[in-house]
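One structure is given here, and the rest of the page talks about it.
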Amino acid sequence: MAKTNPGNFFEDFSVGQVLEHATPRTITEGDRAAYGALYPTRFAIPSSAVFAASVGLDPAPVEDLVAFHVAFGKTVPDVSLNAVANLGYAECRFHRPVVPGDTLRTRSEVIGLKQNSNGRTGVVWVRSTATNQRDEVVLDWARWVMVHKRDHDAPAPETVVPQLADAVAAQDLVVPAGLDLTAYDFAAAGEPHRFDDYEVGERIDHVDGVTITDAEHMLATRLWQNTAKVHFSTEARPDSRRLVYGGHVISLARALSFNGLANAQLLAAINAGAHAAPAYAGDTVYAWSEVLDKAETSAPGVGALRLRLVATKGRDESMTLRGEDGKYAPGVLLDLDLWAYVPR
Amino acid sequence: MAKTNPGNFFEDFSVGQVLEHATPRTITEGDRAAYGALYPTRFAIPSSAVFAASVGLDPAPVEDLVAFHVAFGKTVPDVSLNAVANLGYAECRFHRPVVPGDTLRTRSEVIGLKQNSNGRTGVVWVRSTATNQRDEVVLDWARWVMVHKRDHDAPAPETVVPQLADAVAAQDLVVPAGLDLTAYDFAAAGEPHRFDDYEVGERIDHVDGVTITDAEHMLATRLWQNTAKVHFSTEARPDSRRLVYGGHVISLARALSFNGLANAQLLAAINAGAHAAPAYAGDTVYAWSEVLDKAETSAPGVGALRLRLVATKGRDESMTLRGEDGKYAPGVLLDLDLWAYVPR
Amino acid sequence: MAKTNPGNFFEDFSVGQVLEHATPRTITEGDRAAYGALYPTRFAIPSSAVFAASVGLDPAPVEDLVAFHVAFGKTVPDVSLNAVANLGYAECRFHRPVVPGDTLRTRSEVIGLKQNSNGRTGVVWVRSTATNQRDEVVLDWARWVMVHKRDHDAPAPETVVPQLADAVAAQDLVVPAGLDLTAYDFAAAGEPHRFDDYEVGERIDHVDGVTITDAEHMLATRLWQNTAKVHFSTEARPDSRRLVYGGHVISLARALSFNGLANAQLLAAINAGAHAAPAYAGDTVYAWSEVLDKAETSAPGVGALRLRLVATKGRDESMTLRGEDGKYAPGVLLDLDLWAYVPR
């Protein structure tokens, strides 16, 4: 019998099933440096131990997306190795910052199944939870993927489609313990804009662009122990091009958003995400944001912005999300809906 | 007189000579992260401080190959700067894990010399020993290289050819102090296979492939302070291609072997290694393994597998090592013979 | 109003103005590893905690250029985002080594202004000072850049041209507290050459070459949070080529200078620097040095060499700096004038 992991096929999943994902991973200062080399991030909290301590976070957490990518990467061998498509995610909440020395592991529960009418594939919904070495929840999220059936004649399971919120409600956001933005140093953070300066409906062109290289997206994806072979091998796809991990585009866009959202430093939630088009080496990625909503929190000096973060191939100064046909505009790579904390 | 290092030529070596290699190097958490970005490694012990502690290793060691590459890289300026070819290595034993904070230095003793009949080159055998800041042996190995003579008229030295074992005997393996695999968490490690599940003669196709980029192999080789210029400069070779450091292929193959050998986490020895063909950027590297031998150890829950680890350019599902002519099959890049520990 | 940073234009600067640059940045062991992967550095002090302690530096500092690049990168968004050209720097002194855990921030004072006769651009001189989390000065330097005017009709400011020294005087060098090179381990450091072995006027061909890749120079430049878009985007310049950050060439040349200057481990000052030609991916960078001056210091066993460090595209064994027309020879990329400490 083969000793290698064949991944799970649609008929291997059942509602209520719990998957304990390998491999636990300890976050280190090395990850912080690697992240800073891979993405043009300049957010002051993960960049500076002094700044982080000044807002009540000591030791300084790493970028929230480090935790997201590591936790997400764990699920790939069990959930999406045989995926036809990653269809979406929702209800992702960041429960506490991750600091060097934390060891993350991820567990998923199957919360929905629906066989497609073609009988060859099906959609699997899972809710995944990443915990640290003290079994505290670090983040959790729901995700659904379309997966191949191994045997097209296998019977269809009962259809269960979970109800998922369009967005995490503001009152369900979990502000990091101790976070206090009342003495926030705007000069050190790089921009003067605070909660009241952002208006719902406002769009911000983040201006800068980064051209992707194969070496960089592979270094990043490997760092998160994401094993999907389409990212690493020119022999895994008919066009001989390595597909850029969607999370790489998320991190690029997030880092580019510093220019205009330098104070939206901490992620609170990811409400939804769509990868509208694939990205490849040679693409130059730009980003723009739209303020979707605003909310106060009970933490001192802390507000929350709901933001649409859009990554595009080539700069679109018109910041057009969709064409008249309702489809994503041609250059759109990513449409991400998130909550971030900002100083009030 | 030139102040740069011309390297040693064949007539600069004498049997019994001891070479103290520069530069000592401290291993850090940064090296662990860099290794994880460069290679698709997911072995649980170097990945997770929690997992490592659960098997008696606290703090968590870095990948054994980090120590190997660093220790090996030290020898290049003195031993192989003027090498025509790296002919082989043998009797490499890992004596103790390396943890962040350890400072490695390497010393070599010349143990053999044989001038070639052409009078222009000769073979040099050295035994190298890497020690940590407490002067404890971390690893040692023998290696032989073909080196240019500076002066073709220099007299040939007395021929001394050392006896080297085909493989490290199982009873000579040095199990890391404190290693205890009796409570091994197979779910966290990623695979259920244990010592008894592997049979001598069994072959495992590790399935996944990685396409090499120039940036990545240079980053890796530089990290080990390996200075051989053929790896870094398009002007160092007539074909203007950078030659990939053989150790890069070793680490790629080793990391790919996770898929099927996830529990063979710790290297015990490298018995022999041959780089059957050069590798270049653009090559897609795959790996397969053959179980050559099995041995028990006196440590709790710890067995040892002797494995042939083969890296190929392009996937060879037939796992053919040699053609009918006895030569390596066309795609074979690396033929490595090693011992690794596995849970019983 | 746009929330993104438009950068400062010539008329935004006034003599005496102080700019507090974002973002503070904590140096970590991850930066040390990343630096070692990006540059072929083998200097023993930043490489080995044991070696560093043996010369009185405990904990081991990172490469001095890490501090330089981080501190310099901070000034880009405020000083040179709209620069036409980086014209030069001077009087850069390294006041104390940087160790992991140090958080750097940079402040600049405008010390000179001169509008160009075309009325469209002007030259801005700033003196920048980087401090650590204890408000101790880490390094300071002067720099002048040519910057666009926003409004060509804006009145010219009073011309103020600061007096800057051609070189830092030897007696103004600040030897790191505790540095003692009397028990220096030349074997571990890699070369036997000491202060007395170097003669003024001597030139050293550092022999080795490194071919630049886009991925590597972007990783490096990003690590220093340098945001100049010409380094990252193929769409930022008419020729679709990413311009290599000048500091990347400095670090390449400095690392290559190990071969012949292995004991010139610590930078004391940068007296002047000119980037004679742009560098791009595919260029193979070599380096040579000229000893310009020598000086004793009051620290035990510590001398100082003033060195011209020249980076070239392609190797120039003739080590020609300028042609008969007085202009830089065609292959010259960098002409850097520095002071470094060496054992006596």
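Chains as they are written, first to last, in the numbering used here: chain A, -8 to 335; chain B, -8 to 335; chain C, -8 to 335.
Cβ atoms here follow ideal geometry from the backbone N, Cα and C, with glycine treated the same way.
Alpha carbon to alpha carbon, what distance is there between Asp205(C) and Pro146(A)? For the purposes of this step, residue 146(A) is taken as residue 155 along the first sequence, with counting starting at 1. For the purposes of this step, residue 205(C) is taken as residue 214 along the third sequence, with counting starting at 1. Within the model, the alpha-carbon separation for Pro146(A) versus Asp205(C) is close to 51 Å.
Please go through the same chain and pick out, in chain order, the residues whose beta-carbon is closer than 7 Å to the beta-carbon of Ala178(C), but skip the five residues on each side of it. Position 187 of the third sequence, counted from the start, is the residue given in the question as residue 178(C). So the list is empty, once near-sequence residues are dropped.
If the criterion is Cβ atoms closer than 8 Å, does the pair Tyr277(A) and Leu247(A) meet it? In the first sequence, residue 277(A) corresponds to position 286, counting from 1. In the first sequence, residue 247(A) corresponds to position 256, counting from 1. Yes. Within cutoff.
Look up Pro334(B) in the DSSP assignment and say whether it is helix, strand or coil. Here residue 334(B) refers to the residue found at position 343 of the second sequence. Of the three classes helix, strand and coil, the one that applies to Pro334(B) here is strand, per DSSP.
According to DSSP, simplified to helix, strand and coil, what is Gly92(A)? Indexing the first sequence from 1 puts residue 92(A) at position 101. When DSSP states are grouped into helix, strand and coil, Gly92(A) belongs to the coil group.
Rounded Cβ spacing between Thr19(A) and Pro88(A) (contact assumed at less than 8 Å): If you number the first sequence from 1, residue 19(A) lands on position 28. If you number the first sequence from 1, residue 88(A) lands on position 97. Rounded, the Cβ-Cβ distance is 15 Å, inconsistent with contact.
Out of Arg23(B), Ala76(B), Pro50(B), Asp196(B), state which residue places its alpha-carbon closest to the alpha-carbon of Arg299(B). Indexing the second sequence from 1 puts residue 299(B) at position 308. Among Arg23(B), Ala76(B), Pro50(B), Asp196(B), the Cα nearest to that of Arg299(B) belongs to Asp196(B).
Any C-beta of chain B sitting closer than 8 Å to the C-beta of Leu155(C)? Locating residue 155(C) in the third sequence gives position 164, counting from the first residue. No, because no Cβ of chain B sits closer than 8 Å to the Cβ of Leu155(C).
For Ala62(A) versus Val136(A), is the C-beta spacing smaller than 8 Å? Residue 62(A) sits at position 71 when you count from the first residue of the first sequence. Residue 136(A) sits at position 145 when you count from the first residue of the first sequence. Result no, Cβ atoms of Ala62(A) and Val136(A) do not sit closer than 8 Å.
Mark Thr202(A) as exposed unless 16 or more other C-beta atoms lie within 10 angstroms of its C-beta, in which case mark it buried. Stepping through the first sequence from its first residue, residue 202(A) is reached at position 211. Per the 10 Å Cβ criterion, buried.
Contacting positions in the region 159 to 187 of chain A - beta carbon closer than 8 Å to chain C: Listed by position, the residues of the region 159 to 187 of chain A near chain C (Cβ gap below 8 Å) are Ala178, Ala179, Ala180, Gly181, Glu182, His184.
Hey, could you find the ends of the alpha helix (DSSP H) Glu20(B) is sitting in? To locate residue 20(B), count along the second sequence from 1; it is residue 29. Its alpha helix (DSSP H) spans residues 20 to 29.
Shortest alpha-carbon distance to Asn254(B) belongs to which of Gly237(B), His184(B), Arg194(B)? By one-based count along the second sequence, residue 254(B) stands at place 263. Of the candidates Gly237(B), His184(B), Arg194(B), the one whose C-alpha sits nearest the C-alpha of Asn254(B) is His184(B).
For Thr94(A), decide whether its Cβ has a neighbour in chain B, counting only Cβ atoms nearer than 8 Å. As a position in the first sequence, residue 94(A) is number 103, starting the count at 1. Chain B contact via Cβ: present.
When Cβ atoms are compared, which residues of the region 221 to 253 of chain C fall closer than 8 Å to chain A? Taking 8 Å as the Cβ-Cβ cut-off against chain A, the residues of the region 221 to 253 of chain C that qualify are Phe223, Ser224, Thr225, Glu226, Ala227, Arg233.
In the DSSP assignment, the beta strand (DSSP E) including Phe34(C) goes from what residue to what residue? Against the third sequence, residue 34(C) aligns to sequence position 43. Here Phe34(C) belongs to no beta strand (DSSP E), and DSSP marks it neither H nor E.
Please compile the residues from chain A whose C-beta is within a distance smaller than 8 Å of the C-beta of His197(B). Mapped onto the second sequence, residue 197(B) falls at position 206. Here the neighbours are Thr(-5).
Three Cβ pairs or more, each shorter than 8 Å: is that satisfied between the region 0 to 7 of chain B and the region 237 to 246 of chain C? Not touching, per the Cβ criterion.
Which residues in the same chain have their Cβ closer than 6 Å to the Cβ of Ala219(B), if we skip the five residues on either side of it in sequence? As a first step, residue 219(B) must be located in the second sequence, where it is residue number 228. Cβ within range, chain order: Val67.
Does Ala278(B) come out as helix, strand or coil in the three-state DSSP assignment? For the purposes of this step, residue 278(B) is identified with residue 287 of the second sequence, where counting begins at 1. Judged by DSSP in its simplified three-state form, Ala278(B) adopts strand.
Closer than 8 Å between beta carbons: that is the criterion. Which residues of the region 7 to 26 of chain B meet it against chain C? Taking 8 Å as the Cβ-Cβ cut-off against chain C, the residues of the region 7 to 26 of chain B that qualify are Glu11, Ala13, Thr14, Pro15, Arg16, Thr17, Thr19, Glu20, Gly21, Asp22, Ala24, Ala25.
Distance between Ala265(B) and Ala161(B) (C-alpha atoms, nearest Å): To locate residue 161(B), count along the second sequence from 1; it is residue 170. To locate residue 265(B), count along the second sequence from 1; it is residue 274. The alpha-carbon atoms of Ala161(B) and Ala265(B) are separated by roughly 21 Å.
Since Asp205(A) meets chain B, which of its residues come closer than 7 Å, beta carbon to beta carbon? Taking the first sequence and counting its residues from 1, the one referred to as residue 205(A) is at position 214. Residues of chain B whose Cβ lies closer than 7 Å to the Cβ of Asp205(A) are, in chain order, Thr204.
Close Cβ partners of His60(C) (< 6 Å) along its chain, the five nearest in sequence each way excluded: Walking along the third sequence from the start, residue 60(C) turns up at place 69. Once the five neighbours on either side are set aside, the close Cβ partners of His60(C) are Trp215, Gly238.
Take Ala290(C) and list the residues in its own chain whose beta-carbon comes closer than 6 Å to its own, dropping the five residues that flank it on each side. One-based indexing of the third sequence puts residue 290(C) at position 299. Cβ within range, chain order: Val166, Leu170.
Applying a beta-carbon distance threshold of less than 8 Å, which residues of chain A neighbour Ala35(B)? The residue labelled residue 35(B) in the question sits at position 44 within the second sequence. What Ala35(B) touches in chain A: Ala13, Thr14, Pro15.
Following the continuous beta strand (DSSP E) through Arg125(C), name the residue where it begins and the one where it ends. By one-based count along the third sequence, residue 125(C) stands at place 134. Careful: Arg125(C) lies outside any beta strand (DSSP E) and carries neither H nor E.
Can you list, in chain order, the residues of its chain whose CB lies under 8 Å from that of Met310(A), leaving out five sequence neighbours each side? Counting from 1 along the first sequence, the entry for residue 310(A) is found at position 319. Leaving aside the five residues that flank Met310(A) on each side, the residues in its chain whose CB is nearer than 8 Å to its CB run, in chain order, Arg194, Asp196, Trp279, Glu281, Val301.
Hey, is Phe336(A)'s beta-carbon within less than 8 Å of any beta-carbon in chain C? In the structure displayed, chain A extends from -8 to 335; residue 336(A) sits before or after that span and is not available.
Going by DSSP in three states, Val117(C) sits in which element: helix, strand or coil? As a working note, residue 117(C) is residue 126 in the third sequence. Under the three-state reduction of DSSP, Val117(C) is assigned to strand.
Would you please state the rounded distance, in angstroms, between the beta carbons of Thr288(A) and Leu164(A)? I believe it to be under 8 Å. Taking the first residue of the first sequence as position 1, residue 288(A) is located at position 297. Taking the first residue of the first sequence as position 1, residue 164(A) is located at position 173. Leu164(A) and Thr288(A) do touch by the CB rule: their CB atoms are close to 7 Å apart, below 8 Å.
Considering Cα atoms alone, identify which of Asn77(C), Arg84(C), Gly47(C) is closest to Asp55(C). Numbered from 1 along the third sequence, position 64 holds the residue referred to as residue 55(C). Distances from the CA of Asp55(C) to each of Asn77(C), Arg84(C), Gly47(C) were compared; the closest alpha carbon is that of Arg84(C).
Please confirm whether Ala28(C) has its beta-carbon closer than 8 Å to some beta-carbon of chain B. Within the third sequence, numbered from 1, the residue matching residue 28(C) stands at position 37. Chain B, which has a Cβ nearer than 8 Å to the Cβ of Ala28(C), makes this yes.
Euclidean distance between Cα positions of Gln106(B) and His143(B): Here residue 106(B) refers to the residue found at position 115 when the second sequence is read from its first residue. Here residue 143(B) refers to the residue found at position 152 when the second sequence is read from its first residue. Distance between the alpha carbons of Gln106(B) and His143(B) is about 11 Å.
So with CB distances below 8 Å, who are the chain C contacts of Arg213(B)? One-based indexing of the second sequence puts residue 213(B) at position 222. Those are Gly27, Ala28, Leu29, Tyr30, Pro31, listed as they occur along chain C.
Contacts that Val201(C) makes with chain B (C-beta to C-beta distance below 7 Å): Walking along the third sequence from the start, residue 201(C) turns up at place 210. Near Val201(C) (Cβ distances below 7 Å), the residues of chain B are Phe223, Ser224.
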